[in-house]
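Taking it in order: structure first as structure tokens, then the write-up.
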Amino acid sequence: MTLPLISVIIPVYNGEHFLAEALASIHAQNYDPLELIVVDDGSMDNSAEIAKADSRVRYFYQENQGQAVARNNGIIQAKGDLITFLDQDDVWPKGSLINLVEILQKMPDVALVHGLVQEYNYCLDDSKFYISDRIPYWHVNLGSALFRKSIFFKVGLLSDGLKGCDDIEWFMRAWYQEVPNYSLEKVTLHYRRHDNNMTWDTITIKKGIMRVYYEHIQYNRQNLQLSHNKQSFLEYIGFNKYFKNNQKK
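Per my numbering, residue 123 is the first one in the sequence shown, and the count goes up by one each step.
Have a look at this one:
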């Protein structure tokens with residue numbers, strides 16, 4: 123079976139403590155052909171040296187503009203028909219890529235496939251935290267998913283004005299456009315929590331989700347779905363109770 127080229131996009135900002143481990147987890151996939159793209163968002167540490175030491179990495183530098191811009195620049199540079207993302211402080215369990223690729227090869231109409239996210243012995247997709255079946259992407263992390271590159275031409279690139287919530291906003295656009303997706307009941311991302319990890323900053327997330335909500339009000343009105351989607355967003359915001367109760371002490 124001929125495997126498709128996957129472009130792995132890694133946005134980096136001062137990631138010297140974790141980047142080497144993230145890259146090692148990519149190599150441990152034993153997947154070929156693979157393109158590694160590191161987009162350095164103005165790091166002031168040794169991230170560049172670590173990235174350039176890996177002969178398989180295509181390294182790009184940008185002035186500090188944020189993670190969304192770094193991801194978008196990676197998408198633009200990507201040569202693969204399939205795209206995935208890995209944050210500098212996360213890792214993939216072995217077999218993640220092949221498990222995701224097999225789904226897309228078996229299901230040509232599916233535009234993205236996503237697996238489960240796990241932090242140590244805790245799985246974020248536990249059903250007791252599932253808030254609404256009207257939010258099919260709420261639990262998805264970009265690093266747990268594999269995308270057909272063509273979907274970014276349909277849905278668009280990530281919004282660079284939403285700090286910490288650019289992925290949420292993108293998945294909402296994908297939901298509106300009814301992008302075909304598949305949920306794989308396997309862990310495809312190991313998420314790392316630490317003091318500098320913005321994803322667990324509840325204030326940032328709450329503000330970001332509120333901005334996503336207000337930016338989509340006009341879309342909802344135009345499509346006569348305001349009441350339905352408003353309720354969904356309010357339930358989505360309620361998910362932050364989970365963040366608050368599970369912050370790292």
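A virtual CB, placed ideally from N, CA and C, is assigned to each residue, including glycine.
Proximity to residue i [Cα-Cα], best of the options
| i | options | result |
| --- | --- | --- |
| residue 216 | 277, 144, 170 | 144 |
| residue 310 | 179, 298, 163, 212 | 212 |
| residue 180 | 208, 160, 190 | 160 |
| residue 200 | 182, 234, 166 | 182 |
| residue 195 | 163, 178, 176, 177 | 163 |
| residue 271 | 197, 151, 185, 300 | 197 |
Same chain, Cβ closer than 6 Å to residue i, five either side skipped, listed in chain order
| i | result |
| --- | --- |
| residue 249 | Note that residue 249 scores a pLDDT of 42, beneath 50, so its modelled location is shaky and nothing firm can be said. |
| residue 376 | Absent from the structure is residue 376, since the part of the chain shown begins at 123 and ends at 371. |
| residue 288 | 190, 280, 281 |
| residue 349 | With a pLDDT of only 45 at residue 349, under the threshold of 50, the placement of this residue in the model should not be trusted; the figure read from the coordinates follows. There are no such residues. |
| residue 302 | 231, 232, 233 |
| residue 125 | none |
Run of the beta strand (DSSP E) containing residue i, from where it starts to where it stops
| i | result |
| --- | --- |
| residue 140 | Careful: residue 140 lies outside any beta strand (DSSP E) and carries neither H nor E. |
| residue 308 | 303-312 |
| residue 161 | 156-162 |
| residue 267 | 267-270 |
| residue 206 | 204-207 |
| residue 130 | 128-134 |
| residue 153 | Run containing residue 153: none; DSSP gives neither H nor E here. |
| residue 179 | 179-183 |
Boundaries of the alpha helix (DSSP H) in which residue i is found, first to last residue
| i | result |
| --- | --- |
| residue 218 | 218-228 |
| residue 169 | 169-174 |
| residue 291 | 288-298 |
| residue 189 | 189-199 |
| residue 232 | From DSSP, residue 232 is part of no alpha helix (DSSP H); its letter is neither H nor E. |
| residue 277 | 273-277 |
Contact set for residue i: own chain, Cβ-Cβ below 8 Å, skip 5 residues either direction
| i | result |
| --- | --- |
| residue 128 | 153, 155, 156, 157, 202, 204, 205, 206, 219, 223, 268 |
| residue 306 | 221, 222, 225, 235, 236, 237, 238 |
Same chain, Cβ closer than 7 Å to residue i, neighbours up to 5 away in sequence not counted
| i | result |
| --- | --- |
| residue 262 | 236, 293 |
| residue 166 | 136 |
| residue 208 | 130, 132, 144, 148, 214, 265 |
| residue 141 | 134, 169, 172, 173, 210 |
| residue 252 | Here the model assigns residue 252 a pLDDT of 35, short of 50, so the residue's position is not dependable, and the following value carries that caveat. Excluding residues within five positions, none has a Cβ falling inside 7 Å. |
| residue 138 | 167, 168, 169, 172 |
| residue 185 | 164 |
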